[in-house]
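To keep things clear, I will list the structure first and then write my remarks on it.
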Ligand SMILES: Nc1ncnc2c1ncn2[C@@H]1O[C@H](COP(=O)(O)OP(=O)(O)O)[C@@H](O)[C@H]1O
Ligand SMILES: [Mg+2]
């Protein structure tokens, strides 16, 4: 099983979710052990208690102290629940998987609800695999390429040295292309992975520091390596359990990773992979890194999903589950029971709860200001003040959405700065939910309601 190409597979879904939070680069806490939240840092403003709690949660995740449990971020709409989850995601190392799933997504995918959840759980479990490879590392003495007259067949020789030895290697067409692509010339210190043919330029040899013609302003100089040309190296890839599932699921194969069209994965495949991974762990070839699964709008899930989550949390290979909801006491979908946040009692029992509360005007202004900067929209202080007022009266999200609208309105009148008039105009162009409800109440006959359509 070759894993090197897979590490490049990127998660495509959830892009729009992220862009509304692109200003957030962390939780904005003091570094060190205090976890004290700054009033405004890393794009995060206010909501101090929740941020501090999220910092504690993050610590627990990093120290592996939260297995089998889950966290719930609860609070009214537009109070930064998703933003805080993104702050946690940003603070985790790049090789700790973080997966986002919107509650409703489970029902829209072309697979059963539990399969969708199962895939999300396994996307959130990282496997760090250590592989030994052979590399050739040295300073290039000469690259010699012979082109046949027909131009088709390429052959060449690479002379490469360390301070202790010098060797000539034959080059195939693939290697010649790779050297050309990296613009490798004599005097470069390179590392060449024998298995994959990957070439990395490490820098220019100090011995060439006086050939000014062959360098740019940011040329990096390095020592010519010592010792053997060929070296054994340990390289580490992190992939998710789900990626390993897909690659080994014969019917779909590895292209499915890019199309997102993985279909259901057979349980036997997963069993085999779990067995294989625990074998690798015992042999010291792999570590398992529990990542984070963030389920946003978790109240959209139904009782079957909740039972699945409850069971999955018990599994040895379980990620940390963070959920978010804006529901108070409400009915759990698929039951007639009401419970706090619509979560069944047994699941509620396992969660630690972080609660968020509505923002004051000052925080709203600061967040809108950060969003305007993020979207590169220049706004007069008066316009920002009006937008803040709108944010207080409607919601932060609505006000935030008006930024780009207002910037288009301003552009239309060829102004580079958003003014009060542009905000007013945008406010009348797009309704917030309260005004939309008002329209519905005034003209109910023009809309289709629940009672109008006969359901089969
Ligand atoms: N404390 C905060 N600091 C910075 N930006 C925030 C904060 N809270 C919310 N936002 C931003 O305001 C918008 C709405 O917040 P969001 O996290 O989506 O609310 P919720 O998930 O609670 O409904 C998003 O663009 C979000 O990034
Ligand atoms: Mg949200």
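Numbering (UniProt numbering), first residue to last: 1 to 456.
From the three backbone atoms N, C-alpha and C, an ideal C-beta is built for every residue, glycine too.
Source: prediction; values computed, not measured.
When the beta-carbon positions are compared, residue 140 and residue 190 come within less than 8 Å of each other. Annotation: the continuous beta strand (DSSP E) that includes residue 340 extends over 338 to 340. For residue 382 and residue 415, the gap between their C-alpha atoms comes out near 16 Å. Distance check between residue 42 and each of 394, 90, 81, 315 places 90 closest, using alpha-carbon atoms only. Our two residues, residue 315 and residue 435, have alpha carbons roughly 47 Å apart in a direct line. For residue 145, the three-state secondary structure derived from DSSP is strand.
Along the length of the segment 396 to 440, whole alpha helix (DSSP H) runs at least 4 residues long occupy 396 to 412, 420 to 429, reported in chain order. In the displayed model, residue 283 falls within coil according to three-state DSSP, outside both helix and strand. Under the three-state reduction of DSSP, residue 290 is assigned to strand.
Distances from the CB of residue 82 to the heavy atoms of ligand 2 include at least one below 7 Å. In this structure residue 186 is in contact with residue 143, their Cβ atoms being roughly 7 Å apart against a cut-off of 8 Å. Linking residue 23 to residue 238 through their CA atoms gives a straight-line distance of about 27 Å. Non-local C-beta neighbours of residue 301 in its own chain, meaning closer than 6 Å and more than five positions away in sequence, comprise 103, ordered along the chain. Judged by the Cβ position, residue 89 fails to qualify as a neighbour of ligand 2 at the 7 Å threshold, every heavy atom of the ligand being at least this far. The continuous alpha helix (DSSP H) containing residue 86 extends over residues 81 to 91. In terms of Cα proximity to residue 368, the closest of 348, 392, 355, 313 is 392. Under DSSP, residue 37 forms a beta bridge with 29. Under the three-state reduction of DSSP output, residue 386 falls in the helix class. Between the alpha carbons of residue 270 and residue 349 lies a gap of roughly 29 Å. Cβ-Cβ distances below 8 Å link residue 92 to 58, 61, 62, 98, 291, 292 in the same chain, with the five nearest sequence neighbours on each side left out; the list follows chain order. Measuring C-alpha to C-alpha distances from residue 402 to each of 371, 248, 70 identifies 371 as the nearest. Look at residue 119 here: in three-state DSSP terms it is helix.
With 16 or more neighbouring CB atoms inside 10 Å of its own CB, residue 106 falls in the buried class. Annotated three-state conformation of residue 300 is helix, per DSSP. The nearest non-hydrogen atom of ligand 1 is less than 7 Å from the C-beta of residue 77.
When the five nearest sequence neighbours on each side are left out, the beta carbons in the same chain lying within less than 7 Å of the beta carbon of residue 113 are those of 106, 107, 304, 305, in order along the chain. Annotated three-state conformation of residue 108 is helix, per DSSP. For residue 232 and residue 85, the gap between their C-alpha atoms comes out near 40 Å.
Non-local C-beta neighbours of residue 352 in its own chain, meaning closer than 6 Å and more than five positions away in sequence, comprise 71, ordered along the chain. The bridge partners DSSP lists for residue 237 are 129. Beta-bridge partners assigned by DSSP to residue 205: 222.
Residue burial annotation: residue 365 is buried, with at least 16 other C-beta atoms found within 10 angstroms of its C-beta. In this structure, the straight-line span from the alpha carbon of residue 68 to that of residue 318 is close to 7 Å. Taking all protein chains shown into account, residue 221 has fewer than 16 neighbouring C-beta atoms within 10 Å of its C-beta and is therefore exposed.
Between residue 289 and residue 241, the C-beta gap is not smaller than 8 Å, which leaves the two residues out of contact. Apart from the 5 residues on each side of it in sequence, residue 354 sits with its Cβ closer than 8 Å to the Cβ of 50, 53, 54, 57, 71, 72, 73, 74, 84 in its chain, given in chain order.
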